[in-house]
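To start, the structure under review is shown below, and the notes come after it.
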Amino acid sequence: MTDVAPPRGTQDVLPPSSDALLAVVDAAHEIARLYGYRYVETPAFERTEVFERTSGGSSDVVTKEMYTFEDKGGRSLTLKPESTAPVVRAYLATRQSLPLPFKAYYVEKNWRHGRPQAGRLREFRVFGIEVLGTDAPGADVEVITVANRFLRARGLARLTLHLNSIGDEVCRPRFREDLVAFLEPRQDRLDREHRETWRRNPLRVLDCTTPECRSATEDAPRILDYLDDACSEHFGAVRSGLDEEGVAFELDHRLVRGLDYYTRTTFEFVSGALSPAQATVCGGGRYDGLAEVLGGEPTPGVGYGLGLDRLLLAAAEEGAASSGSRAVRCYVVGLGEDARREARALLRELRDAAIPADASLEDRPLKAQLRMADRSGAPFAALLGDRELREGVVTMRRLADGEQETVPRGEVADWLSR
RNA sequence: GUGGGCGUAGCUCAAUCGGUUAGAGCGCCGGGUUGUGGUCCCGGAGGUUGGGGGUUCGAGUCCCCUCGCUCACCCCA
């Protein structure tokens, strides 16, 4: 019994929850197309360096959460823990034949080895978009707008957008220096964890939520005060662009994010419907230096990753109506050998007419077939017995209330699509 | 990865102080003559009490290990 359970931190998705997942996936494809994004796929695994070099050696993702293995040729490979670096790699490999800027999206799985809990799986699904090849603030605005629209359309109302700019390689070092100088005399007031690491990764201290770190950094320097003219102007344009799009946000100078490749704009959508530890349903930002780290031409970019599993949890929590039944429209019931042959013909016709339909694969009693019709969720059952066969008709039964109508055999498809 | 809580049919739960063959509801499958599902009646399948070890005459119940879920931390989707 336990041996048929899926591996730890993974899950089987079966009806009816697979319907909800599919609805979200469909909606992702739809909104991506609506905004002009093109579908991309990259391999499930990459050379390990792709993540080591881009995410930053000190990040948790790289140091302890990657599924890394050696293949039979001795290469070190890693199941992708995030999708931005692979997409940028693929872009660099193919860019001569792609439009500029290139707007990409994907719906796929990522893998991270952490201790699983609700909203944090080892294998999880993301819907991400990336705009490559432009540093225009309009790209940042568009990316955030798509996420906002998508999340709200899926029924997430208790949603906060946290927004920040963490500068670039020109202005961030000055800030970092001042922050270190600020923390130095206060290091004893930090929590145990950051007392060790504050010097190596001072920005992370700002992100820490413990009361100790919060009070110690109350008056810490703020990155927004350090932005140089270019970054400051860029961030101003992003903010006014969001205002223009009607996307509400909260400035959060503590938002630094966990991957090293981010520059300038960073953002997170946090759901109030999820437990705070896993409440980030979408996170992203700008990564103008990423392509160079991969050894490619300088290529600015901005994008997000949006967790579909968390989205579904939050939507369920907020009582969002799960949309679109995947049930067939008609369940065909055949009684007896002759009528069953005719039922199979009808089934073929319905499917040829693009009407989703189903029937029992075995010869079963009427009651059993009707029960199957009921469980299939189909709104109608088409009944074919000797009586209908003789008269060249089909009895159409509305399963909700048992209302029946006799329809000429040749008009069933039309009757169902009216 | 660190710390806490919890594991009894598919689901929700019961089982006296450690006592003999672990029950119920729902769900699932079948039947109530080849003419009506969802309601009703009848029947059935389904459990090594997560797994392993120990204590005991006897363990679902007590102890240890392990696996899983869960919450917090860490981090993030």
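Numbering (my numbering), first residue to last: -12 to 405. The beta-carbon is built from N, C-alpha and C at its ideal position, and this holds for glycine as well.
Candidates the options: closest to residue i by CA position
i	options	result
V27	V94, T55, K67, S84	V94
R297	V37, R191, P68, V113	V113
R338	S404, L281, E375, G306	S404
L148	Y213, G379, T252, Y318	T252
P352	L376, E39, A326	A326
P73	Y213, Y92, P88	Y92
G294	V280, P30, A307, P68	P68
R176	F162, E199, T250, C195	E199
R20	E284, K90, A355, A307	K90
P263	P(-7), A105, A14	A105
D206	V37, H181, G379, H240	H240
T35	L281, A307, S4, L348	L281
D350	V130, E279, E324, I210	E324
Y249	R163, D155, K59, A302	D155
R62	N135, P160, V37	V37
G292	N135, V234, P30	N135
Y78	F367, A278, A360	A278
D230	E129, P(-7), V394, L87	E129
R187	V234, P160, I210	P160
G271	K96, P395, I131, F111	I131
R25	G60, P88, Q(-2)	P88
R76	P(-7), P30, K354, G233	P30
F111	Q(-2), Q174, F236	Q(-2)
L119	T81, V380, E17	T81
Residues that DSSP places opposite residue i in a beta bridge
i	result
Q104	R107
E336	None; E336 has no bridge partner.
H149	E237, E255
T57	Looking at the sequence provided, one finds Glu at residue 57 rather than Thr. For E57, which the question treats as bridged, DSSP gives the partners S63.
Q265	DSSP lists no partner for Q265.
G290	E117, G272
V319	A346, A369
Q391	R384
V94	F114
T250	R273
R25	A91
F32	L66
Cβ neighbour criterion (16 or more within 10 Å) applied to residue i
i	result
F56	exposed
R358	exposed
A260	buried
D127	buried
T267	buried
L1	exposed
R145	exposed
S5	exposed
G389	exposed
V257	buried
E398	exposed
V(-9)	exposed
E378	exposed
R328	exposed
A360	buried
A302	buried
R313	exposed
Residues near residue i in its chain [Cβ-Cβ closer than 7 Å; skip 5 each side]
i	result
S400	In the sequence under discussion, the amino acid at residue 400 is Ala, which differs from the Ser named in the question. The answer, listed in chain order, is E336, L337, A340, I342.
S124	A quick correction: the sequence has Pro, not Ser, at residue 124. Excluding positions up to five away in sequence, the list reads H221, A224, V225, G228.
P103	R(-5), G(-4), R109
E392	M383
D122	D275, P287
E117	T71, V74, A91, G288, G290
F32	L64, T65, L66, K67
V192	L170, L177, H181, W185, C200, T204
C218	S152, G154, D155, C158, R251
G60	none
Same chain only: Cβ atoms within 6 Å of residue i, ignoring 5 sequence neighbours per side
i	result
L166	P189, P208
V12	V94
Y22	V133
A15	V94, F114
Q356	V320, S347
Presumed contact (8 Å Cβ cut-off) between residue i and residue j, rounded CB distance
i	j	result
M53	T65	5 Å
L238	L150	6 Å
L333	L371	7 Å
L8	L300	No, L8 and L300 are not in contact; Cβ-Cβ is about 12 Å, not under 8 Å.
D212	V243	Their Cβ separation, rounded to whole angstroms, is 15 Å, which puts D212 and V243 out of contact at 8 Å.
L143	E305	6 Å
C269	L138	7 Å
Same chain, Cβ closer than 8 Å to residue i, five either side skipped, listed in chain order
i	result
A330	V319, V320, G321, A346, A369, L371
V409	What the structure shows of the chain is the stretch from -12 to 405, and residue 409 is not part of that stretch, so it cannot be assessed.
D373	L322, G323, D325, A326
R163	P189, L190
Closer than 7 Å: residue i CB and nearest the ligand NAD heavy atom
i	result
K59	Summarising the ligand content, the structure contains no ligands, and the ligand NAD is consequently not present.
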